[in-house]
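Everything below concerns the one structure shown next.
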Amino acid sequence: MKLIDRFGNSLNKICCSINKKSKKCELVKKNEIIGEQIVDLNQTKMAQYQYRSINNKDKKVRKQNRILTIRRLFFMFLSALLFNFGVLAFLSKADTIPSGVSGIPTLIVTLLKDNSEIKKYFALMYLGANIPLLLLFGFRIKRSFVLLTLSFMLFQIVTNFVFTLEPVEKFIKTAFDVAPGWSSRIELKPGLIVDNPNTWPIFINGIIGSLFLGVAIAVAWKNGGSTGGTDIVAYFFSTKKKKSISSILMIVSFTTTLTFLLIFGLVEPHSHSFTIKLVDDGKGGYLQEYVLSNSRVIFGMREISTLLYIFIVNTLVGIIYPKYKKVSMEIFTNDPSKVLAYFKTINYWHAYTIYTAKSGYTGNNVYRIETTLLLLESKPIMRDLKAIDSNLWVKIKPVMSIVGRFSTKFVD
């Protein structure tokens, strides 16, 4: 194939209408005639994004940013709602051991479990446990991320207070119950409490609760914030290394979870297990005799559900918010001037290459424009391209890794 260096003087007339201060760009008319089609390039999604990022003091842009902030705050509230509901309705019944900073208030609640009021202050303790991380990393990461994360914590305090009101808590725990009447521990006789040998509810509650929390955490990330805790650490290293959020979270979560598994294994060990032995009652019948085991379970369903929680949550975050996931986009068209005009209008920030080939079907020249970009960038760009030229054909395939400089300003 032959590399195309230029497409004539007509493209030199296509200029940038966004960065009005740039010496390399001139002001373009609102409607640019490309071929036989009238296209308003300034109204494309990415052109509007570029305009807002450059002209953030413009009155209309400031209004749009306020609306965007309100929208993000709404989703942070929704995230806190889903998070607390998932914990109360399902994860608390699965005895799932928390990962990250949330393990600190959970440990306090466990140690002071005789005080029934202490759990109402869980979210407040969680906020307090985050203060050292915010002081350490808060001034080294994006300010909007810190503020939105703080908003999540404040919403979490409010929703946690409402959910732990006795009538509300009772309703949630009874209305959303996969195993009514089941308890993780059984009192065989006064003072003798053992683990329930029937552990399938722990597994089911753990999975459902993990799904709720995974969606809640992903929603927070997708809207520019997080749920706090080790998310702050993950964000710092993710932006520095340009690595996937979910992969960093997975490493941090496993590290902290193993620590809390050891701590909770000492503070809140499994109760003794038991077996039921049938004893002849001498009257032709049998009596049930409970035989208590001298050993305790070290790695049981509680620990399995904890590891499943980490896997499910971080997988969902990776699917819903693939921040640094890269793809290769190939654009096939008979008229590359439309695509190139669009790239010039938005000041497209990635390298791209243009090839020419002959169509085996029509015998006409076909142009292929190839570029590597972020998956989150590809969706709005593809929508814009289809609006500009409905006849072009786009192919997207994943990119496993790259070597060299790569701009991530769109998601940073």
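Yeah, the sequence shown ends on 414 if you go by the numbering used here, and it's all consecutive. We put the beta carbon where it would ideally sit given N, CA and C, even for glycine.
Item: Residues of its chain near G140, where Cβ-Cβ distance is below 6 angstroms and the 5 sequence neighbours each way are ignored; Value: V148
Item: Whole beta strand (DSSP E) elements within the region 370 to 400, 3-residue minimum; Value: 395 to 400
Item: Alpha-carbon to alpha-carbon, V413 and Y326; Value: 8 angstroms
Item: Among I383, V180, S409, L138, nearest to V341 - alpha-carbon criterion; Value: I383
Item: Identity of the residue in T258, F214, N225 nearest V235 by Cα; Value: T258
Item: I253: first and last residue of the uninterrupted alpha helix (DSSP H) it sits in; Value: 247 to 269
Item: E305 vs K397 beta-carbon contact at 8 angstroms; Value: no
Item: Separation of I312 from L137, as counted between CA atoms; Value: 26 angstroms
Item: Range covered by the alpha helix (DSSP H) that runs through V89; Value: 61 to 91
Item: Presumed contact (8 angstroms Cβ cut-off) between Q52 and N336, rounded CB distance; Value: Going by Cβ atoms, the distance from Q52 to N336 rounds to 27 angstroms, so no, they are not a contact pair.
Item: Residues near P107 in its chain [Cβ-Cβ closer than 7 angstroms; skip 5 each side]; Value: F124, M127, Y128, A131
Item: Contact the region 154 to 173 vs the region 245 to 264: 3+ CB pairs below 8 angstroms; Value: no
Item: Identified DSSP bridge partners for I278; Value: Y292
Item: Exposure of M402, with buried meaning 16 or more beta-carbon neighbours within 10 Å; Value: exposed
Item: DSSP bridge partner residues for D197 (one or two, in chain order); Value: R187
Item: Pairwise C-alpha distance: I300 and P271; Value: 8 angstroms
Item: According to DSSP, residues forming a beta bridge with Y53; Value: DSSP lists no partner for Y53.
Item: Cβ pair count under 8 angstroms reaching 3, the region 197 to 210 against the region 92 to 102; Value: yes
Item: heavy atom of the ligand GTP below 7 angstroms from K397 C-beta; Value: Looking for the ligand GTP in the displayed structure turns up nothing, as the structure carries no ligands at all.
Item: Residue of F173, L318, L264 minimising C-alpha distance to A222; Value: L318
Item: Pair within 8 angstroms by beta-carbon distance, T1 and Y344; Value: Shown here, the chain extends from 3 to 414; a query on residue 1 therefore has no answer.
Item: Inter-residue spacing [alpha-carbon to alpha-carbon] between A220 and G320; Value: 8 angstroms
Item: Given 8 angstroms, three or more beta-carbon pairs between the region 261 to 279 and the region 191 to 199; Value: yes
Item: Reference V254; option with closest CA among G302, F238, I265, F266; Value: F238
Item: Outcome for V293 when other beta-carbon atoms lying within 10 angstroms are tallied against a minimum of 16; Value: exposed
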